[in-house]
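Undergrad: If you read the sequences in order, they're chains A and W. Letter 99 of the first sequence, counting from 1, is numbered 847 in our numbering, and no numbers are missing. Letter 75 of the second sequence, counting from 1, is numbered 77 in our numbering, and no numbers are missing. Just so it is clear, CB atoms sit at the ideal spot from N, CA and C, and this is done for glycine as well. All values derive from a computational prediction rather than experimental measurement.
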Amino acid sequence: MTKEEIIKPENLVYKKPTLMNDNPMHYCPGCSHGVVHKLIAEVIEEMGMEEKTVGVSPVGCAVFAYNYLDIDWQEAAHGRAPAVATAIKRLWPERLVFTYQGDGDLACIGTAETIHALNRGENITIIFINNAIYGMTGGQMAPTTLVGMKTATCPYGRDVSVHGYPLKMTEIAATLEGTAYVTRQAVHTVPAIRKAKKAIRKAFENSMNGKGSNLVEIVSTCNSGWKMTPQASNDWMMEHMFPFYPLGDLKDKE
Amino acid sequence: MAKIKGAIVVDTERCKGCNLCVVACPLHVIALNAKQVNKKGYTFAHQVLEDTCNGCASCATVCPDGCIAVYKVKQQ
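1) Where does the unbroken beta strand (DSSP E) through G803 of chain A begin, and where does it stop?
2) From V761 of chain A to L854 of chain A, what distance separates their C-alpha atoms?
3) Indicate the three-state DSSP secondary structure (helix, strand or coil) for R16 of chain W in the structure shown.
4) On the CB-based measure, 16 or more other CB atoms within 10 Å of its CB, does G886 of chain A come out buried or exposed?
5) Rounded to whole angstroms, what is the Cα-Cα separation between Y848 of chain A and Q822 of chain A?
6) Counting only Cβ pairs nearer than 9 angstroms, list the residues of chain A close to N21 of chain W.
7) Determine the burial state of I966 of chain A: buried for a count of at least 16 other Cβ atoms within 10 Å of its Cβ, exposed for fewer.
8) To the nearest angstrom, how far is it from the Cα of G725 of chain A to the Cα of E753 of chain A?
9) Looking only at its own chain, which residues have a Cβ that is under 6 angstroms from the Cβ of T901 of chain A, when we skip the five neighbours before and after it?
10) Output yes or no for whether 8 angstroms exceeds the beta carbon distance between V24 of chain W and A33 of chain W.
11) In whole angstroms, what is the alpha-carbon distance linking S60 of chain W and V783 of chain A?
12) Along the chain, where does the beta strand (DSSP E) containing W821 of chain A start, and where does it finish?
13) Near I6 of chain W, what residues of its chain come up, given a Cβ to Cβ distance below 6 angstroms and the 5 sequence neighbours on each side ignored?
14) With H, G and I counted as helix, E and B as strand and the rest as coil, what does DSSP make of C776 of chain A?
15) Return the residue from the list A:K1001, A:H936 and A:L998 that minimises the CA-CA distance to M986 of chain A.
16) Please list, in chain order, the chain W residues whose beta carbon lies closer than 9 angstroms to that of P772 of chain A.
17) For A47 of chain W, return the contacting residues in chain A, with the cut-off set at a CB-CB distance below 9 angstroms.
18) How is the alpha helix (DSSP H) around S60 of chain W delimited, first residue to last?
19) Short check: CB of T862 of chain A to CB of I874 of chain A, under 8 angstroms?
20) Output the distance between the C-alpha atoms of E799 of chain A and R932 of chain A, rounded to the nearest integer angstrom.
Here it is in structure tokens:
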């Protein structure tokens, strides 16, 4: 059987989700953002919520997320995505509302908004991309930067006596009464991507069923910021990020 | 015994040559093109082994840019 005989529309098993448009993404080669965008598009398609979804994009690398997924988007001020999502969800309770934020947006400037939105139990989902660095602005130290990790603003490694300790936002969120589902996932391998997709689906369903707020942290790579190849970044993430940011569900309120 | 045959189509202009699909493929079917680049100058991925692919879609799943479409046929 030749390749031409196999390549027919009826034999198609996987392609780019239709919600993801043909605009070339500005992300660096191998960036985890693309995979998470794809998962969100797939989940929204599977739920049949294409016309009823509002995403809130952050400030950071994902600021242009609205260029890539054909759903309704609202751009929020730096860190204020959960507050904007609160307003959208309260005015439009039948919409699926999610925010898509990086660690500089969610864990630094937007810490207060994030914690309060989660604690109020708003029926939204927060997708939290944690790559332990400010990727967009040139690889500066973020609140989530690991101890000893070198960045542009801590070239000798993060020193706890000067910079303090990394912030575990997901652990904090798990202690809040308002959260329904708090989980930490990654997208470095096929099984991890499948698990992350299930987690996103569950979070979206929880928010539609009015169970409370949901936080899905995705431990990601920033190969440009970390100054490694995409494959080396994945290996580095497995070796250094996962011991400090262990994967799994932290809270699942039935 | 039924044999599963697969094939992939790479959107070479969208591909950024990140190499993640090459690492993810369990059968080493896909590789970066050593001699050609696309319009943006990236060494894009392409299928190098014609008969080996079983259409598992690992490459397409890990592709951050959604460049890969996977086709699969079950042969009787």
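TA: Quick answer:
1) Working through the first sequence from its first residue, we reach residue 803 of chain A at position 55. For G803 of chain A, the enclosing beta strand (DSSP E) starts and ends at T801 to S805.
2) For the purposes of this step, residue 761 of chain A is identified with residue 13 of the first sequence, where counting begins at 1. For the purposes of this step, residue 854 of chain A is identified with residue 106 of the first sequence, where counting begins at 1. Looking at the two C-alpha atoms, the distance is approximately 36 angstroms.
3) As a working note, residue 16 of chain W is residue 14 in the second sequence. R16 of chain W: coil per DSSP, three-state reduction.
4) By 1-based counting over the first sequence, the position of residue 886 of chain A is 138. With fewer than 16 other Cβ atoms from the protein chains shown falling within 10 Å of its own Cβ, G886 of chain A counts as exposed.
5) Looking up residue 848 of chain A in the first sequence gives position 100. Looking up residue 822 of chain A in the first sequence gives position 74. Cα-Cα distance, rounded: 11 angstroms.
6) One-based indexing of the second sequence puts residue 21 of chain W at position 19. Simply P777, G778, T977, P978 and Q979.
7) As a first step, residue 966 of chain A must be located in the first sequence, where it is residue number 218. Buried, because 16 or more other Cβ atoms sit within 10 Å of the Cβ of I966 of chain A.
8) Any answer about residue 725 of chain A is impossible in this case: the structure gives chain A only from 749 up to 1002.
9) In the first sequence, the residue the question calls residue 901 of chain A occupies position 153. The beta carbon of T901 of chain A lies closer than 6 angstroms to those of Q888 and M889 in the same chain, with the five residues before and after it left out.
10) Within the second sequence, the letter at position 22 stands for residue 24 of chain W. Within the second sequence, the letter at position 31 stands for residue 33 of chain W. Cβ distance < 8 angstroms, so V24 of chain W and A33 of chain W count as in contact.
11) Taking the first residue of the second sequence as 1, we reach residue 60 of chain W at position 58. Taking the first residue of the first sequence as 1, we reach residue 783 of chain A at position 35. Whole-angstrom Cα-Cα distance: 12 angstroms.
12) Position 73 of the first sequence, counting from 1, holds the residue named residue 821 of chain A. W821 of chain A -> beta strand (DSSP E) spans D820 to E823.
13) Numbered from 1 along the second sequence, position 4 holds the residue referred to as residue 6 of chain W. Counting only Cβ-Cβ distances below 6 angstroms, and skipping sequence neighbours, we find N56 and K76.
14) Translated into the one-based positions of the first sequence, residue 776 of chain A becomes position 28. Of the three classes helix, strand and coil, the one that applies to C776 of chain A here is coil, per DSSP.
15) Within the first sequence, numbered from 1, the residue matching residue 986 of chain A stands at position 238. Measuring from the Cα of M986 of chain A, the nearest candidate turns out to be A:H936.
16) As a first step, residue 772 of chain A must be located in the first sequence, where it is residue number 24. Neighbours of P772 of chain A on chain W, chain order: E15, R16, K18, K42 and D67.
17) In the second sequence, counting from the first residue as 1, residue 47 of chain W sits at position 45. Within 9 angstroms Cβ-Cβ: nothing; A47 of chain W doesn't reach chain A, min ~11 angstroms.
18) As a first step, residue 60 of chain W must be located in the second sequence, where it is residue number 58. Unbroken alpha helix (DSSP H) run through S60 of chain W: S60 to V64.
19) Residue 862 of chain A sits at position 114 when you count from the first residue of the first sequence. Residue 874 of chain A sits at position 126 when you count from the first residue of the first sequence. Yes, these two residues count as a Cβ contact at 8 angstroms.
20) Within the first sequence, the letter at position 51 stands for residue 799 of chain A. Within the first sequence, the letter at position 184 stands for residue 932 of chain A. Each residue's CA atom was taken as its position, placing E799 of chain A and R932 of chain A some 28 angstroms apart.
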